[in-house]
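J.: What follows is a single structure, and I will ask about it in a moment.
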């Protein structure tokens, strides 16, 4: 399991390749990459705040839960904080498994939990000013799929 | 929609990056990469046969079906044929959407259909000789999830 | 009519493609004609449930009529992905 | 006891962290003490259903006891991913 919480930009393609290279006996790699979406009127920037003492621990607990639920050879989670710009990658999840169903389910699960259970908060600045992104009811409901 | 059926090796990371670069208003990219799995005793090679007149058409029909079912900004499918070696990428699917649930569902759907409905056949050569990979009942059942 | 064979069907029959003259009304009728020809066809078509058929490059089934069809392909279940 | 605030909770209260002396038995009791202090706390805690709480860096809830807890954090629902 690799968990990285970082301010720096990362290269999603390079991460996929180095993750895959370490999995010689695995047939299936699923990745999710979250990008800063440009919005109507133009996004001037996104600020991601996090809770440093809790973030890595919370992500590791979520990734360990995924490893208990599915047969995974490896899991990668990268999540950025700080100042981001339109089209930047925000975060990435990768799962490796012999079975594609496990790789898909685990990546989907990781995303649902990271969205609502890892201590990150997004603030978007547009021409209309800065505002905190609100959590969606959908995101909370998505967690029920896994219980 | 981009569909490529090719003999040449491809770079999954570079494909992810160029796919993502073309999606400025999209937040979610999901990829599946299928790798040639090394087997116990050592895989000497994999031969993938396909039906040239049918392959691209079949994949395009599957990708169009995915685009009808979910809200997708773009879909990429790459599938190789010919001689492959252990740890080579065999194929890759990428989906881009504003909504992560759509990107995940569409990639999962594409894999199920490509597995059982695109005209490719794998033959593995190991120390024990060469044999055609058998289709799994699981793969056929997986299609029922989408009907 | 062109007939194509893939994977182990091709190997058992010993060729990838052939052109036949046939009045077969359906795919099943065509299979019966081929099986009657030679043992290698009988071996390839021994278990029809293990095979798939495409008509003019679209998946079809063994009951389908052949009227107007130019290309028939026989192969085992696909194993792409 | 250290109290931390994140996102708009931090902005409304006007500081990221403070250390308080408290005998509050539960998170709710602590919130009541803070709200009684100053308007900016009352504004931040006006709707408790819009908030989450972590005790010693684990998600918890407002009924949880504070005995032995060293760090309490208040924040809105997370929006990672």
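Protein chains in written order, with our numbering: chain A, 150 to 296; chain B, 150 to 296; chain C, 6 to 86; chain D, 6 to 86.
By construction, the Cβ of each residue, glycine as well, lies at the ideal position given by its N, Cα and C atoms.
1) Quick one: which chain D residues come within Cβ less than 8 Å of residue 195(A)?
2) Starting from residue 223(B), follow the beta strand (DSSP E) in both directions and report where the run begins and ends.
3) Kindly indicate which three-state DSSP category residue 241(A) falls into: helix, strand or coil?
4) Are the CB atoms of residue 233(B) and residue 188(B) nearer to each other than 7 Å?
5) DSSP has residue 70(C) in a bridge; who is on the other side?
6) At a Cβ cut of 8 Å, what residues of the segment 242-256 of chain B count as close to chain A, listed as they run along the chain?
7) Touch check for the segment 55-65 of chain C and the segment 10-18 of chain D: three-plus C-beta pairs under 8 Å?
8) What would DSSP say about residue 156(B), mapped onto helix, strand or coil?
9) Give the secondary structure of residue 183(A) by DSSP, where H, G and I count as helix, E and B as strand, and everything else as coil.
10) Let me check one thing: in DSSP terms, what residues is residue 199(B) bridge-paired to?
11) Would you tell me roughly how many angstroms separate the C-alpha atoms of residue 292(B) and residue 173(B), rounded to the nearest one?
12) Hey, how far is the Cα of residue 274(B) from the Cα of residue 296(A)?
13) Let me make sure I understand the geometry here. Which of 171(B), 183(B) and 176(B) has the alpha-carbon closest to that of residue 160(B)?
14) By the three-class DSSP mapping on this structure, what secondary structure does residue 43(D) have?
15) Name the chain B residues that come within less than 8 Å of residue 54(C), Cβ to Cβ?
16) What in chain D is Cβ-close to residue 209(A), meaning under 7 Å?
17) Residue 193(A) by DSSP, collapsed to three states: which one?
18) In chain D, what lies closer than 7 Å to residue 231(A) by C-beta?
19) Less than 7 Å between CB atoms is the rule here; does residue 202(B) satisfy it with respect to chain C?
20) Please classify residue 280(B) as buried or exposed, where buried requires at least 16 other C-beta atoms within 10 Å of its C-beta.
21) How do the segment 218-227 of chain B and the segment 152-170 of chain B stand: do at least 3 beta-carbon pairs fall below 8 Å, yes or no?
22) Output yes or no for whether 7 Å exceeds the beta carbon distance between residue 144(A) and residue 245(A).
23) Looking only at its chain, what residues have a beta carbon closer than 8 Å to the beta carbon of residue 284(A), apart from the 5 residues adjacent to it on each side?
24) Taking the alpha-carbon positions, what's the residue 83(D) to residue 249(B) distance?
25) Note down, in chain order, each residue of its chain lying with its Cβ closer than 7 Å to the Cβ of residue 27(D), except the 5 sequence neighbours on either side.
26) Interface residues of chain F around residue 182(B) at Cβ under 9 Å?
27) Quick one: Cα of residue 209(B) to Cα of residue 80(D), how far?
28) Label residue 70(C) either buried or exposed according to how many other C-beta atoms from any shown protein chain fall within 10 Å of its C-beta, with 16 as the threshold for buried.
29) In the DSSP assignment, the beta strand (DSSP E) including residue 19(C) goes from what residue to what residue?
30) Per DSSP, residue 85(C) forms a beta bridge with which residues?
31) Please name the residues in the segment 267-293 of chain B whose beta-carbon is closer than 7 Å to at least one beta-carbon of chain A, in chain order.
32) Exposed or buried, what is residue 179(B) when buried is set at 16 or more other beta-carbons lying within 10 Å of its beta-carbon?
33) Would you say residue 260(A) lies against chain D (beta-carbon separation less than 7 Å)?
34) With DSSP run on the structure shown, which of helix, strand or coil describes residue 58(C)?
35) So which residues of chain B does residue 162(A) contact, with C-beta pairs closer than 7 Å?
T.: Well, looking at it:
1) The premise fails here: residue 195(A) is roughly 11 Å from chain D at the closest Cβ pair, so nothing lies under 8 Å.
2) 223-229
3) strand
4) no
5) 31(C)
6) 247, 249, 250, 252, 253 and 256
7) no
8) Coil at residue 156(B), not helix or strand.
9) strand
10) For residue 199(B), the pairing in a beta bridge is given by DSSP as 269(B).
11) 32 Å
12) 42 Å
13) Nearest option by C-alpha distance: 183(B).
14) Reduced to three states, the DSSP call for residue 43(D) is coil.
15) Result: empty, since nearest Cβ-Cβ is about 12 Å, beyond 8 Å.
16) Here the premise fails: no neighbours, minimum Cβ distance about 12 Å.
17) In the structure shown, residue 193(A) sits in a strand (DSSP, three-state: E or B).
18) Per Cβ cutoff of 7 Å: no residues; residue 231(A) is ~14 Å from chain D at best.
19) yes
20) exposed
21) yes
22) Because chain A here runs from 150 to 296, residue 144(A) falls outside it and cannot be looked at.
23) 265
24) 17 Å
25) 6, 35 and 38
26) Here chain F cannot be found, since the structure's protein chains are A, B, C and D.
27) 47 Å
28) Around the beta carbon of residue 70(C), fewer than 16 other beta carbons sit within 10 angstroms, so the residue counts as exposed.
29) Careful: residue 19(C) lies outside any beta strand (DSSP E) and carries neither H nor E.
30) According to DSSP, which records beta bridges pairwise, residue 85(C) is partnered with nothing at all.
31) none
32) In this structure residue 179(B) is buried. Its beta-carbon is surrounded by 16 or more other beta-carbon atoms within 10 angstroms.
33) yes
34) strand
35) By Cβ distance, chain B contributes 162, 163, 165 and 166.
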